[in-house]
Amino acid sequence: MRRCLTFSRLARQAVLHIGKGLLGSKTFAHAMSKISRRKALSTAGKVAAGVVGAGVVAGVTGYFVGSGSAPPSVVTRTVTVGGGTVTVPSTVTRTVTAGVEQKKQLTVRAVFQTPVSEPWDGAIHAAIQAVASEYRAKGINIDYQFVDRKIDPRDYELALRDAARVADIVFLDAFLKEDIARRVAKEFKTVAFAAGSEFLPAQPNFAVFDNWLHHPAYIAGIIAGKITKTNKIGVVAAMEINEVNRIVNAFIAGAKSANSNAKAKVVYLLGNIPPGESPWYHPATAKRLAKTLIDLGVDVIFAERVGAEEAAAESFAEKKPVWVIGNMADQHSRAPTVTITSLVWDMRPTVKIVFDRVLANSFVADNLGTYSWMNFDGSYLADFHDFGKPSPPLTTEILNLVKEWTTRVMDGLTWIPINEMPPVSDF
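According to my numbering, the residues represented by the sequence shown are 5 to 431, in order.
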């Protein structure tokens with residue numbers, strides 16, 4: 005994979021690993037806590053060396069005998085950008101672990117809170133299916149099953165336990181049920197848990213990921229800022245939570261970077277849905293909230309939750325164009341007359357990392373979030389379909405601007421702000 009530890013990071017990990025074994029985890033951690041990160045590597049070596057001298061050197065050597073990197077190779081990737089393509093060169097380094105026998109079979113389970121027709125959990129489910137098919141073609145037996153609609157906390161916990169009893173890997177949606185998910189994971193330490201979560205991983209087996217879509221969100225915001233005629237942009241979102249906030253804030257920032265007169269208003273499903281219903285998936289409420297935005301003069305809507313596009317399509321039919329940018333998956337088919345593009349979350353890179361690590365017996369509790377970044381092929385803008393010809397409201401200028409920003413992001417030559425504070429509405 006593209007993320008490969010540098011030699012210095014591997015060296016530090018080796019010394020840390022050996023130092024802990026020689027001094028004991030608590031003693032070594034106490035010593036290391038006194039050291040700045042910049043000095044950590046050299047000091048870690050001194051701490052360990054002071055105990056066994058040359059024995060540490062031998063240990064470090066042994067550490068590297070087990071791990072190595074194949075020579076890096078430069079490849080080119082062709083990235084789809086709204087119907088066009090951008091070719092991006094990249095260096096790929098493969099990490100090779102010697103002496104570890106690969107598994108040939110995986111039992112994979114997934115527990116989702118919403119139906120898989122809901123785009124967030126649907127993106128995870130679709131990625132697992134796709135990667136499972138790919139690995140089966142390589143001769144690896146993948147047994148994948150899932151359950152969804154586990155909103156009730158008791159049902160959710162029972163489903164997690166049922167999955168963990170038989171699985172090598174459990175994928176799950178832990179939002180708003182973090183305590184349950186982490187408690188169950190602690191009881192099944194030999195099972196790899198890969199959880200959609202806004203919080204941090206937990207040793208030894210609870211890795212986390214999230215839909216880090218701030219890159220395509222910013223570029224989609226640029227589109228919104230360019231095509232609005234009223235300078236009023238709306239957002240229909242689930243709730244104020246980190247993973248929603250950063251996407252919405254990136255979208256608004258992109259819009260305002262392209263149009264200094266643009267104003268934004270954000271409305272939420274949470275607080276507007278019937279009691280007991282899920283704020284993650286309630287299309288009827290999303291549609292109703294979108295109508296309120298349209299009545300306020302909004303002519304571009306970021307449908308962070310599905311349903312808003314229905315209100316825009318009805319407005320378009322009444323000769324009042326309101327454009328939509330979808331989320332999580334290509335939402336064009338839901339409202340083809342008004343959906344310009346969508347932020348697409350591609351979980352396949354994340355799923356592959358989890359599969360590969362478990363197959364190699366090297367799974368760790370890691371933060372896998374960056375594998376959902378655009379420059380790791382974990383997210384992108386969907387095809388523009390007929391709008392990409394170009395066709396109103398898109399112009400050649402806007403399409404070229406999208407390609408320019410996509411190239412910057414893929415080359416790592418720009419930084420899109422990550423702002424997880426609640427978005428501020430302007431009207």
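Ideal placement from N, C-alpha and C gives every residue a C-beta, glycine not left out. Being a predicted model, the structure only gives us computed values, none of them experimental.
Per DSSP, cross-strand counterpart(s) of residue i
i      : result
Thr345 : Ile329
Val174 : Arg113 and Phe197
Tyr285 : Bridge partners of Tyr285: none, in fact.
Phe179 : Phe179 pairs with nothing; no bridge assigned.
Gly238 : Lys269 and Ile305
Tyr148 : Val112
Tyr384 : Val348
Phe203 : Per DSSP, none; premise fails for Phe203.
Ala211 : Ala198
Asn371 : Val212
Nearest residue (CA-CA) to residue i, options the options
i      : options                           : result
Asp214 : Lys107, Ala315, Asp177 and Ser264 : Asp177
Val115 : Leu385, Ala136 and Ile132         : Ile132
Phe203 : Tyr222, Leu180, Gly143 and Ile223 : Leu180
Pro353 : Phe210, Thr374, His286 and Ser264 : Thr374
Gly258 : Trp419, Ser337 and Met425         : Trp419
Tyr160 : Arg186, Pro426 and Val271         : Arg186
Gly301 : Arg165, Ala333, Leu162 and Thr232 : Thr232
His218 : Pro421, Pro427 and Val428         : Pro421
Ser319 : Asp156, Ala198, Glu308 and Lys291 : Lys291
Trp349 : Met414, Pro119, Leu110 and Gly126 : Gly126
Val358 : Glu122, Arg169, Asp156 and Phe175 : Phe175
Lys108 : Leu363, Asp147 and Val406         : Leu363
Pro123 : Glu308, Asp430, Ala369 and Ala321 : Glu308
Leu405 : Ala315, Ala224, Leu417 and Gly416 : Ala224
Phe388 : Val328, Asp166, Thr111 and Asn246 : Val328
Beta carbon of residue i nearer than 9 Å to that of residue j
i      : j      : result
Gly238 : Ile344 : no
Asn4   : Arg250 : Lying before the first or after the last residue shown, residue 4 is absent from the chain, which here runs from 5 to 431.
Ala254 : Ala228 : no
Thr399 : Lys230 : yes
Gly280 : Val310 : no
Trp377 : Ile226 : no
Val326 : Asp360 : no
Lys2   : Pro208 : Examination of residue 2 is not possible in this model, given that the chain is present from 5 through 431 alone.
Ile173 : Phe197 : yes
Leu403 : Pro394 : yes
Ala317 : Ala130 : no
Ala242 : Trp216 : no
Val355 : Ala141 : no
Val188 : Arg158 : no
Length of the line joining the Cα atoms of residue i and residue j
i      : j      : result
Val240 : Tyr222 : 16 Å
Thr289 : Asn365 : 45 Å
Tyr139 : Asn145 : 7 Å
Met425 : Lys154 : 28 Å
Ile184 : Arg113 : 17 Å
Ile277 : Ala294 : 14 Å
Ala136 : Gln149 : 11 Å
Ser46  : Pro396 : Note on Ser46: pLDDT 35, under 50, position unreliable in the model; no value is reported.
Asn379 : Pro220 : 10 Å
Val195 : Glu313 : 40 Å
Phe11  : Asp152 : Low local confidence applies: a pLDDT of 32 at Phe11 is under 50, so the model's placement there is unreliable, and no value is given.
Val299 : Lys324 : Reading off the sequence, residue 299 comes out as Asp, not Val. Taking the straight line from one Cα to the other gives about 11 Å.
Ser429 : Ile256 : 10 Å
Ala171 : Gly382 : 25 Å
Glu244 : His286 : 16 Å
Ser121 : Lys260 : 32 Å
Ser282 : Ile128 : 18 Å
Ser73  : Ala262 : Because the pLDDT at Ser73 is just 35, under 50, the model does not fix this residue reliably, and the value given afterwards should be weighed accordingly. So the alpha carbons of these two residues sit roughly 43 Å apart.
Leu417 : Leu347 : 20 Å
Leu162 : Ala369 : 23 Å
Glu322 : Thr411 : 38 Å
Ala315 : Gln106 : 51 Å
Asn235 : Thr111 : 51 Å
Pro427 : Ala199 : 25 Å
Thr95  : Met414 : In this prediction, Thr95 scores a pLDDT of 42, lower than 50, which makes its location untrustworthy; no coordinate-derived value is stated.
Phe431 : Ser201 : 31 Å
Thr118 : Ala167 : 17 Å
Val248 : Gly275 : 16 Å
Val252 : Gln335 : 17 Å
Val100 : Val212 : In this prediction, Val100 has a pLDDT of 45, which is less than 50 and means its spatial position is unreliable; what the coordinates show is noted afterwards. About 24 Å.
Residue i at chain C interface by Cβ criterion, 9 Å
i      : result
Ile329 : The chain labelled as chain C is not found in the depicted structure, where only one protein chain is given.
Open item on the list: Under 8 Å, with one C-beta from each stretch per pair, do the stretch 263-282 and the stretch 330-346 reach the 3-pair mark?
Closed with: The stretch 263-282, when compared against the stretch 330-346, does not touch it at the 8 Å Cβ threshold.
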